[in-house]
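Visitor: Numbering (the working numbering), first residue to last: 166 to 741. Backbone N, C-alpha and C fix where the C-beta goes; we use that ideal spot for every residue, glycine too.
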């Protein structure tokens, strides 16, 4: 047997082990590679010891190898110690993709300070809620980003910054916040505001010694990151993750795309989200790969330029990002001969898009991921050699060291092919929702995380996500799953995007509504849409109301916000 045949046989045997147990919708991941019992700091130090001079982080204005990055992380950590931050304190970061973000990610982990990711799209009320919910002692922020004036927002919440001393902030609206650290220069001097560069120059031998002592107290199971679940269901909750959760998950993600120290990974996805900071940063650091950030946020032209200039081999993004890059690629020829792999997540990828990514972007080994913040995040991922159809219609197979079952409303495991709720158990399940025991206990039962996602397993263990439990519409006693109707509407030649949801109805309980985004240059009316549906889907599934919109409300990571659509539609229909 040749080496290639041996590898193929090993892969086939490993894949067979991921099949459902006893024809029930219950799968268990591989027990190899083993889980790593280390902190984020340990992970970085190990990589530096092997790949010190290899490219680590590349931003538009900065290039650092692993040794240089590690040095800057320690300097920042020493500065944090000097201003009084201690293990277990919470530090928020409110910024787009910047070098300062990843430095803060590793410097806080170095001293056991819990990093709190603040969504760059947040406004005043959301910022105030987040900082107070977890009791942030410090906040690092960019001056502004796009239409958001971060600095003026924090000044409106904490006007005392104008006169208070650095580190001595006392403010009514944010009672636990002591430090505000600004990444950029302010237009004028504010007595209570630290400059990010200042922190690097604080501390001395005493703090250096303390850094060594703190390192000995850090444990892999310590909470180290709080990420607010957002966007698609309403009020955010603080999913609390440990070193152990996210170090291992990031490593397993990049195992599946066969990432090595020779790879160069482009990351236009947001750092504040697990896609950027766990799957991207921690995943790449676990392999010693280079990370290239095209800009502060996604821009198709910038990203394509970086893929060529930096000879990238891998790219992460949501499907809409890949569509935009493909459109940019149509405008001029670009050399993507170095490209090989990457990850699409956040939504299913249309098969036509996948084929173009495989062929035109030379990404033959791109994979699909599924997960949630509460599971660190990934629990399912395709393999690089899975058929294209499986990479488009499913989210792949279970990750190592995880156990996933699909249950009915009575919490009984369903048979293969039956729909139910996905439940995940294993190392990746979050510690808790911060300071919210009741909500934590609602979703975690005997170690099982109830995801709220509906799915189906096939006989090989491939998982298809069919919708959200909370999105299910109950119309006159009939259970209607929006994803099924959305996939049908996608078949209409004029429709680019579609989202289906329910609104209240006095007679039926709920009725079906659809928001439609048309392809450029097309028009459509309700009669045409109803005619398209008639006779092809059950009458009770045909939306009663269609709304044609220019764009859908999305989270920053590309997930549709159905609760926003529902509220807007209720206003339009005068249902309030």
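1. At the level of alpha carbons, what is the spacing between residue 724 and residue 470?
2. Would residue 382 be called buried (16 or more neighbouring beta carbons within 10 Å of its own) or exposed?
3. So which of 529, 569, 670 and 588 has the shortest CA-CA distance to residue 608?
4. So, is residue 672 buried or exposed, given that buried needs 16 or more other C-beta atoms within 10 angstroms?
5. Taking the alpha-carbon positions, what's the residue 715 to residue 286 distance?
6. Please go through the same chain and pick out, in chain order, the residues whose beta-carbon is closer than 8 Å to the beta-carbon of residue 232, but skip the five residues on each side of it.
7. Given residue 462, which residues of its chain have a CB within under 6 Å of its CB, disregarding the five upstream and five downstream residues?
8. Using DSSP's beta-bridge definition, name the partner residues of residue 725.
9. Just how far apart, CA to CA, sit residue 167 and residue 181?
10. How about residue 412: is its C-beta nearer than 7 Å to some C-beta of chain C?
11. Quick one: what's got a C-beta closer than 8 Å to residue 225's C-beta in the same chain, skipping five residues either side?
12. Select from 323, 288 and 333 the residue whose C-alpha is nearest the C-alpha of residue 311.
13. Starting from the Cα of residue 561, find the closest Cα among 602, 254, 419 and 629 and give me that residue.
14. For the beta strand (DSSP E) that contains residue 405, what are its first and last residues?
15. Are the region 313-320 and the region 269-279 touching, with three or more C-beta to C-beta distances below 8 Å?
16. Starting from residue 618, follow the alpha helix (DSSP H) in both directions and report where the run begins and ends.
17. Is DSSP giving residue 522 helix, strand or coil here?
18. Quick check: the Cα distance between residue 411 and residue 443, rounded to an integer number of angstroms?
19. State the start and end residues of the unbroken beta strand (DSSP E) segment that holds residue 572.
20. For residue 326, which three-state DSSP category applies?
21. To the nearest angstrom, report how far apart residue 452 and residue 446 are at their CA atoms.
22. In three-state DSSP terms, what is residue 707?
23. From the DSSP output, read off the bridge partner residues of residue 310.
24. Look at residue 413 and residue 201 and say whether their C-beta atoms are less than 7 Å apart.
25. Is it buried or exposed for residue 669, if we count other Cβ within 10 angstroms and need 16 for buried?
26. Of all the beta strand (DSSP E) runs that stay within the bounds of the region 404-437, which reach a length of 3 or more residues?
27. With DSSP as the reference, label residue 735 as helix, strand or coil.
28. Looking at the structure shown, is residue 180 part of a helix, part of a strand, or coil, going by DSSP?
29. Is it buried or exposed, residue 111, if we count other Cβ atoms within 10 angstroms and call 16 or more buried?
30. Give me, in chain order, the residues of the same chain whose beta-carbon lies closer than 6 Å to that of residue 624; leave out the 5 immediate sequence neighbours on both sides.
31. Check the DSSP bridge columns for residue 536 and list the partner residues they point to.
32. Are the Cβ atoms of residue 271 and residue 209 separated by less than 7 Å?
33. Helix, strand or coil: which one does DSSP assign to residue 682?
34. Under 7 Å Cβ to Cβ from residue 610, same chain only, skipping five residues before and after it: list those, please.
35. Helix, strand or coil for residue 226, going by three-state DSSP, please let me know.
36. Where residue 735 and residue 234 are concerned, what is the direct C-alpha to C-alpha distance, given to the nearest angstrom?
Guide: Short version:
1. Using only the alpha carbons, I get a separation of about 26 Å.
2. Residue environment analysis places residue 382 among the exposed positions, since fewer than 16 neighbouring C-beta atoms fall within 10 angstroms of its C-beta.
3. Checked all of 529, 569, 670 and 588; the closest Cα to residue 608 is 588.
4. Exposed.
5. Going by the C-alpha atoms only, they are around 20 Å apart.
6. Excluding the 5 residues flanking it on each side, residue 232 has same chain C-beta neighbours closer than 8 Å at 213, 217 and 218, in chain order.
7. The beta carbon of residue 462 is closer than 6 Å to those of 261 in its chain, skipping five residues each way along the sequence.
8. Note: residue 725 sits in a beta bridge opposite 719.
9. Because residue 167 sits at a pLDDT of 48, beneath the cut-off of 50, its placement in the model cannot be relied upon, and the following sentence gives the value as read from the coordinates. Rounded to whole angstroms, residue 167 to residue 181 spans 21 Å at the Cα level.
10. Reference to chain C is not applicable here, since this structure consists of a single protein chain.
11. Only residues of its own chain outside the window of five on either side were considered, and among them 458, 459 and 460 have a CB closer than 8 Å to the CB of residue 225, listed in chain order.
12. Residue 311 has its Cα closest to that of 288, out of 323, 288 and 333.
13. Ranking 602, 254, 419 and 629 by CA distance to the CA of residue 561 puts 629 first.
14. 402-407 is the span of the beta strand (DSSP E), which, as asked, contains residue 405.
15. Between the region 313-320 and the region 269-279, the count of Cβ pairs shorter than 8 Å is below three; the stretches do not touch.
16. For residue 618, no alpha helix (DSSP H) encloses it; the enclosing beta strand (DSSP E) starts and ends at 613-622.
17. DSSP places residue 522 in helix when its eight states are reduced to three.
18. Straight-line Cα distance between these residues: approximately 6 Å.
19. In this chain, the beta strand (DSSP E) harbouring residue 572 covers 567-572.
20. DSSP places residue 326 in helix when its eight states are reduced to three.
21. Each residue's Cα considered, the two are about 10 Å apart.
22. It is coil, neither helix nor strand.
23. Residue 310 is bridged by DSSP to 313.
24. With contacts defined as CB atoms closer than 7 Å, residue 413 and residue 201 qualify as a contacting pair.
25. Residue 669 should be labelled exposed.
26. As for any beta strand (DSSP E) of minimum length 3 sitting wholly inside the region 404-437, the runs are 429-431, ordered along the chain.
27. Helix, per DSSP.
28. The answer is helix: DSSP assigns residue 180 an H, G or I state.
29. With the chain covering only 166 through 741, there is no way to say anything about residue 111.
30. Here residue 624 has 581 as same chain residues with Cβ atoms under 6 Å from its own Cβ, once five neighbours each way along the sequence are excluded.
31. Residue 536 is bridged to 543.
32. Yes, these two residues count as a Cβ contact at 7 Å.
33. Residue state, collapsed to three classes: strand.
34. So the list is empty, once near-sequence residues are dropped.
35. If DSSP states are grouped into helix, strand and coil, residue 226 belongs with coil.
36. Approximately 51 Å, taken between the alpha carbons.
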